[in-house]
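Chemist:
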Ligand SMILES: C[S@@+](CC[C@H](N)C(=O)[O-])C[C@H]1O[C@@H](n2cnc3c(N)ncnc32)[C@H](O)[C@@H]1O
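Shown next, in the form of structure tokens:
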């Protein structure tokens with residue numbers, strides 16, 4: 054079966070079902086060497102967590118929707134469940150984690166649902182939860198996402214004007230989405246507003262919240278269908294080190 058994406062149950066888009074991006078891979082690799090647990094935020098049914106458990110690591114898995122976490126628990130072999138902790142609730146203002154208790158955090162394809170103030174709030178919380186030199190791995194939809202292509206000049210104008218949320222777009226009147234045969238279905242399966250992300254802005258947020266940028270790039274979002282693709286830079290990833 055060639056399903057690339059699995060729908061979330063709370064209309065928050067889809068979870069990657071196949072080979073993930075290089076930043077998620079880097080998080081899984083980093084978890085191998087971690088002495089403290091790692092956290093996967095906004096995981097849906099868990100992208101990295103099953104592989105981290107298989108390699109013997111301890112992982113806390115967070116999502117807004119308890120049904121996603123329940124599915125992950127049911128799919129986890131019994132002998133690995135003692136290394137899995139489930140944490141339902143919003144990473145913005147609900148879940149609590151002991152300060153300095155985590156080695157690394159993956160937040161995959163969640164930040165493009167948040168405005169700048171919310172991203173900053175999350176990053177501050179992540180910094181608080183991480184051990185010194187702990188790492189964050191962020192993956193999101195970039196400003197080169199296919200649905201931003203026909204309106205890219207608008208983004209550039211907002212950015213040039215110094216708007217705080219320059220990447221914010223409503224998908225309701227999106228020209229690329231408008232001509233899709235399943236437009237209404239697609240719209241119903243995700244939030245109306247997206248905040249497409251550029252490296253410069255996100256790197257600034259890292260520095261404001263106590264992280265050095267270790268790596269950052271745009272990459273082809275091979276996990277998406279045609280409607281979301283543009284020029285091979287649809288995904289954006291950053292790795293940050295807590296200073
Ligand atoms: C597009 S899916 C991404 C799933 C997975 N991380 C991936 O990369 O495929 C977004 C997920 O983030 C979760 N989410 C959205 N806002 C959240 C929040 N404030 N706190 C925790 N999880 C959140 C949703 O419930 C959903 O499962």
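Residue numbers (our numbering): 54 to 296. A virtual CB, placed ideally from N, CA and C, is assigned to each residue, including glycine.
(1) Identify whether residue 282 lies in helix, strand or coil by the three-state DSSP scheme.
(2) According to DSSP, is residue 147 part of a helix, a strand, or is it coil?
(3) Does the distance from the C-beta atom of residue 177 to that of residue 293 stay below 8 angstroms?
(4) Within 7 angstroms: the Cβ of residue 166 and any heavy atom of ligand 1?
(5) To which residues of the same chain is residue 280 closer than 8 angstroms at the C-beta, ignoring the five residues directly before and after it?
(6) Flag this pair as yes or no: are the beta carbons of residue 90 and residue 112 separated by less than 8 angstroms?
(7) Thinking residue 225 and residue 245 are a contact (beta carbons under 8 angstroms), I'd like their distance in whole angstroms, please.
(8) Under three-state DSSP, which class holds residue 177?
(9) What residue ranges within the region 165-244 form continuous beta strand (DSSP E) runs of no fewer than 3 residues, ordered along the chain?
(10) Taking Cβ to Cβ, would you say residue 87 is nearer than 8 angstroms to residue 152?
(11) Please determine whether the Cβ atom of residue 69 lies at a distance below 7 angstroms from any heavy atom of ligand 1.
(12) Got a sec: does ligand 1 put a non-hydrogen atom nearer than 7 angstroms to the Cβ of residue 288?
(13) Say yes only if the C-beta of residue 117 is nearer than 7 angstroms to one or more non-hydrogen atoms of ligand 1, and no if none qualify.
(14) State the DSSP-derived secondary structure class of residue 248, mapped to helix, strand or coil.
(15) Please indicate yes or no: does the CB of residue 61 lie closer than 7 angstroms to some heavy atom of ligand 2?
(16) State buried or exposed for residue 146, treating a residue as buried only when at least 16 other CB atoms are found within 10 Å of its CB.
(17) What residue does the alpha helix (DSSP H) around residue 113 start on, and which one ends it?
(18) Taking the alpha-carbon positions, what's the residue 174 to residue 180 distance?
(19) For ligand 1, I want to know if residue 65 counts as a neighbour, meaning its beta carbon is within less than 7 angstroms of at least one of the ligand's heavy atoms.
(20) Quick one: what does DSSP say residue 103 is sitting in, helix, strand or coil?
(21) Starting from residue 81, trace the beta strand (DSSP E) in both directions and tell me its first and last residue.
(22) When DSSP labels each residue in this structure, what does residue 276 get in the three-state scheme?
(23) Could you check if residue 154 belongs to the surroundings of ligand 1, using beta carbon to heavy atom distance under 7 angstroms?
(24) Considering just the uninterrupted stretch of the alpha helix (DSSP H) at residue 119, what are its terminal residues?
(25) Compute the minimum distance between the beta carbon of residue 199 and the heavy atoms of ligand 1, and state whether it is under 7 angstroms.
(26) Under 8 angstroms between the Cβ atoms of residue 256 and residue 269?
Modeler: According to the data block:
(1) The three-state secondary structure of residue 282, taken from DSSP, is coil.
(2) Looking at residue 147 - three-state DSSP - the assignment turns out to be coil, as it is neither helix nor strand.
(3) No, Cβ-Cβ distance for residue 177 and residue 293 is not below 8 angstroms.
(4) For ligand 1, at least one heavy atom lies less than 7 angstroms from the Cβ of residue 166.
(5) If you ignore the 5 residues before and after residue 280, its C-beta comes within less than 8 angstroms of the C-beta of 199, 200, 229, 230, 233, 239, all in its own chain and listed in chain order.
(6) Against a cut-off of 8 angstroms, the Cβ pair of residue 112 and residue 90 comes out as a contact.
(7) Taking a contact as a CB-CB distance under 8 angstroms, the pair residue 225 and residue 245 counts as one, their CB atoms being some 6 angstroms apart.
(8) It is helical.
(9) The qualifying runs are 183-194, 221-223.
(10) Not in contact: residue 87 and residue 152 (Cβ atoms no closer than 8 angstroms).
(11) A heavy atom of ligand 1 is found nearer than 7 angstroms to the CB of residue 69.
(12) No.
(13) Judged by the Cβ position, residue 117 qualifies as a neighbour of ligand 1 at the 7 angstroms threshold, a heavy atom of the ligand being closer than this.
(14) Residue 248: strand per DSSP, three-state reduction.
(15) Ligand 2 is not among the ligands present in this structure, which contains only ligand 1.
(16) Exposed is the label assigned to residue 146, since fewer than 16 other Cβ atoms lie within 10 Å of its Cβ.
(17) Per DSSP, residue 113 belongs to no alpha helix (DSSP H); it is in the beta strand (DSSP E), 112-116.
(18) Going by the C-alpha atoms only, they are around 10 angstroms apart.
(19) For residue 65, the CB falls within less than 7 angstroms of some heavy atom of ligand 1.
(20) Reduced to three states, the DSSP call for residue 103 is helix.
(21) Per DSSP, residue 81 belongs to no beta strand (DSSP E); it is in the alpha helix (DSSP H), 75-86.
(22) Residue 276: coil per DSSP, three-state reduction.
(23) Flag unset: Cβ of residue 154 not near ligand 1.
(24) Where residue 119 is concerned, the enclosing alpha helix (DSSP H) starts and stops at 119-128.
(25) Taking the Cβ of residue 199 as the reference point, every heavy atom of ligand 1 lies at 7 angstroms or farther away.
(26) Between residue 256 and residue 269, the C-beta gap is smaller than 8 angstroms, which places the two residues in contact.
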